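With the first letter of the sequence shown counted as 1, position 704 gets the number 704 in UniProt numbering; the numbers rise by one all the way through. Ideal Cβ placement from N, Cα and C applies to all residues, glycine included. Keep in mind that this is a model prediction, so the values were computed, not measured. Working notes for the structure below.
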Amino acid sequence: MNRTETKLYIKSQLTNYLEQQGIDISKPFNCLNPEHPDTNPSMRYDAARNRVHCFSCGAGGDIIDLIGLEYNLTEDKAKFEKAYELLGVKDEQSTYGSSNTIVQDVVHTSSKINDASSLSDTHCMNYLNQRNVSLETAKKYGLSFERDWISPKALEKAKKENKKFPPSSPRLIIPTSNVSYVAIDVRPAGLFPNQENFRKMKEGKVHVFNSKALEEDKPCFVVEGEFDALSFLEIGYNAVALGSVSNTKIFMNELKQLDIRSPLILALDNDDAGNKATADLEKQLQYTDCSYIVADTIYQNYKDANDYLMADKQAFITSSSFIVDNLRVSLECKRLELEEKLKLEQENYKNTSVYNELDQFKKDVESTKDNINISTGFAALDEELGGGLVEGLYVIGALTSLGKTTFAMQIADSLANQGLDVLYFSLEMSKSLLISKSISRHTLLYCLQNNINTSIAKTSRGILDGRRYKNYNSHSLMVIENAYENYKEYAKNLYLREGFGSIGITQISESIKKHIKQTGKTPIVFIDYLQILAPDDSKSSDKQKLDNSVLELKRISRDYKMPIIGISSLNRASYHGKISLEAFKESGGIEYASDVLIGLQFTGVGEKGFDINLAKKQDPRDIELVIIKNRNGISADLESVTGISYANKKEMQKSNWNDDILTIEQYEYAAKDAKATYILWDEYKDSNPEVYNRMKQASSIIENYAKRGLPVDLKELQIIKQAKEKERKNDLQKIRNLGYENIITPKGFTTKKELIKDLSPEAKILVDKVRSCNSYINNIISGVDKRIENLRLPINVLICGTETVRLATVSPNVQNFPRQGFKHIFKASAGHSIIKADFAGQELRMAAAISGEKVMLNAFNNGDDLHALMAAKLNNISIGEFNSKEAAWKKAERQKAKAANFGFLYGMGAKKFVSTAKANYGVELTEQEAIKVKNTFWESYPDLKHWCAVERRKCQERGYALTLGGRKRYFKDMDAAYCEQINTAVQGSAADILLETLIALPSEIEKYLINTVHDELVFEVPKTVIDDSFKQSIEAAMIKGVKIISPEYPIRDIAEIQEVDTL
């Protein structure tokens, strides 16, 4: 990665960095500022800005700022260098170093490293004896000695700066991994200036010493120094060393990558730094499944394990044994405690089964025998609701000023008139305005019931404005007085509560409790309107506030077994179309949490010629009610959700869809079905907007090239058809000549077992050939022939057509047409050429990138032949020696390596590899030879092997495989799906790259696209357009697609672009 890419990558890792520390970013967590003792979690993660912020002390920022806080770093250079160390970043250009600095792991090449015989050197033996560590222990854990050691890092620096090489020194080498070690100066102290400053030097990336001990099923001491770990190993206990108290996060990261079995004993140095690091580890271990204890008294008055061992070995053994015994007792107590807890949890859980709830269920049902549905006052609406209102959350939505409140008040008045209590919370209108609306409606009702001119009826303003009364005649005053009297008859059941920004869920809940306590009656609640409820949490977003409010209202309706009716605004996208679920998308979780969703709209809205301004001017306005969702009564139909109306739906569903020629009505029905499917998909799309946007943009491009279709040479198609028919005819005649005329039928062969069971071997071969020929003619040739339009074959593409979410074609499956003897029928039109752009070695490159496999990445980045490298490994020779071999031998061995690289990647076993290698690559092996090849494959790719193991664990925890682009594939049986999990991660991520590549194609290139085949893009382009810049534009889009999905993907020689006449 270059400098910019490195910065962007580091800043993208904030969520991973937090989660690795056991932090749940979905809720507040303890502030990470060391200066802020945060007892009340006050730091939050801001996903929109990819930053954290503490609402108590104000600390926060991006990952770089966070690392600076945690490690007390103020200089940007130091922060970035620490970030490189923590994240294991490797880039071509260090952010602060020279452009020639290469960040890489140190691999010491001296022949003396790992040479156990070197330990017998007198200096080394004296030093080991001084530290009370035996030669046997030193050998067992890979220690070695180098008399004239020079730091590789210091040596490299001297070379670059053209300075004198640093002096050598005798060093004890303690390996911490296969790419890192600690070098300790064994000379007595005080011999040379600054000797103590460089007595212990670390080479390579920091790793935990002896980390494999963590996977053994026995107690393991966790200490600081390597010699502290060796001290415990010397007396027969397991131990690992952090290397420094600053490496606790590195230790925790390694802990998460391993299959931890050992209970841990925290025994860091007996000083302030050790105590602080122990507390830090304890805090992080709480978020894991590891068992551990703190051995805070193990060293008595000594600083660390090695000090204790050197001073009094027997006392050290006794103290260690005591601690281990304590651990075992602690683990046994914990086991018994967990066992008891589990029994209690199991019992409690069993009590939640339906069996234990049946008695209460029967009582609840019995208590409802006299219940009746509550009428809304609108007979037609009651019928649609299944009889009226029941407990649940009802939401009424409409455009501004369309009458939501007026309609709600009509229902409220009707309920009150039935003797039911209504608690109406008005968050926008005043109480007097609501009362005036009801009285106004009564003036109109009075006029209609008594055949009085309706012009005498008064508006709500006419009721409220006292100045007008002096101008009203006696007739008008009489109508108003009667309206008052009618309203007064049920007004005692109406409780109006007004509040501007002061009423929230808490106040509503308390008001309901108070009402029930004071009246003994459960009210029906109205909220007008939902979007302006006061939030309980002012820090949440508007959508989160509304989501929480709606869910709480739903809970209240369930707890009190009462209907709650809320009024909602709509989003702007719905202003000029029919109301649907889409109209509520910006209104939080209303569309999901509500039991009944009701919409009010102008009659005719969304239809051709509708004028909303004219509709608003009508008096009275022509309004229709639409039930969009109904859990309690008649379900909302497809038209309500999608806005698409169907004529003769059942008739169309039962019509014959197998005819070669469909009717106009069938085409229209199919088109509506496709559109409705798209609307529903859009309505209920994945909550991941990045995935959704990618799929949506790519779908449009795929639709375009599918319509363009493939150019077909009809003459060549007929030649193939005639040849196949002739072949079939000849084989049928041969069957007749053999005396098996009776098995031939007009459609092929009989299925009667008594006729076909005694066929001769020659006849069986001929029958198979004819069946294969029939399949070829009927499925491939006819599949193309009957779909050709204007010398082109339109194709049907499924964007997630395979289980690994790759693109696929159907009816016919163009991607699976035979390469030999058929695909040449797809021939470029006159004056055009076919351009094929192939992602070279995509699956292996993807596997290398997703797993971080260094061997593969280096091969691709250096332009090496990965299969040749594997062939050399299989023969245990160098690549140079392999290349010098005879050509035919090299070709055969490379085929074997190719079979291994593609076969074992997805978890193939040796037995299957034998048959696959022979069938696909012409390689013959015994099962024993296949096992050897498999072992060599995984030994050659350790990072890939590690990733496969980790990915499998992650899949089992999640329940699904995940592509780099964020797409998920769920599995019912996680244990039986290993191959599919790895396959999906690799091939699915490659498919994500293809989709991003399609999106990245410039429009002047994309218009010539006619097909894709997994890792290949196919264009039909006028020859006058084709030049180097055309091909470069395609390659640029391919690289852009790769970088969006996988920045680590090796892009050297990524594209193989060729110009041909046929597919």
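C-beta atoms of residue i and residue j nearer than 9 angstroms
i	j	result
G397	G599	yes
C57	N30	no
V206	E85	yes
P794	R708	yes
P219	V294	no
E391	M562	yes
L87	I10	yes
A892	V923	yes
D312	D269	no
S569	T400	yes
K629	V605	no
F209	T176	yes
F817	M870	no
G117	R147	In the sequence as presented, Gly is not what sits at residue 117; that position holds Ser. No, the Cβ-Cβ distance between S117 and R147 is not below 9 angstroms.
Reference residue i, options the options, closest by Cα
i	options	result
K492	G606, S426, G419, A48	G419
K545	Q531, I556, G988, I982	Q531
M182	A189, P188, I173	Met is not the amino acid found at residue 182; the sequence shown has Val there. Checked all of A189, P188, I173; the closest Cα to V182 is I173.
A48	Q20, S12, H36	S12
T963	S989, S569, C948, Q981	S989
T522	A593, A416, N451	A416
N482	K341, I512, F584, A457	A457
G909	T926, D713, P152, Q895	T926
Y446	L427, K470, S476	S476
I235	S151, E136, A273	E136
F619	L597, T454, E254, G61	Sequence check: residue 619 is Asp here, not Phe. Here the closest residue by C-alpha is T454.
K200	Q130, V186, M252	V186
A830	A229, I150, V223, V712	V712
F425	L448, V525, E332	V525
N876	L844, A154, C948, K932	K932
G225	A919, Y237, A213, V245	V245
L553	I516, H515, S509	S509
I1051	Y487, Q842, A961	Q842
Residues that residue i bridges to, as DSSP identifies them
i	result
I664	Answer by DSSP bridge pairing: none, since I664 is not bridged.
E1059	I835
E624	Q601
V220	This sequence places Cys at residue 220; Val is not what is there. Partner(s): N238, L264.
S177	S180
T809	V797
With 16 other Cβ atoms within 10 Å as the buried cut-off, status of residue i
i	result
S99	The predicted model places S99 with a pLDDT of 27, which falls under 50 and marks its position as unreliable, so this point remains unresolved.
T809	buried
T109	Caution applies to T109, whose pLDDT of 35 falls short of 50 and renders its modelled position unreliable; the model cannot decide the point.
L18	buried
A315	exposed
Y469	exposed
N862	exposed
V814	buried
F839	buried
E996	buried
S1046	buried
Y941	buried
R467	exposed
F322	exposed
Q104	Any reading at Q104 must be qualified, since the residue scores a pLDDT of 36, below 50, and its modelled position is unreliable; no value is offered.
G204	buried
W149	buried
Run of the beta strand (DSSP E) containing residue i, from where it starts to where it stops
i	result
R819	It is not in any beta strand (DSSP E) - R819 carries neither H nor E in the DSSP assignment.
Endpoints, alpha helix (DSSP H) assigned at residue i
i	result
N129	122-130
D76	76-87
P152	152-161
K734	714-737
Minimum Cβ-Cβ distance from residue i to chain C less than 9 angstroms
i	result
L32	Among the protein chains of the structure shown there is no chain C, as only one such chain exists.
heavy atom of the ligand HEM below 8 angstroms from residue i C-beta
i	result
V354	Questions concerning the ligand HEM fall outside what the structure shown contains, since it holds no ligand whatsoever.
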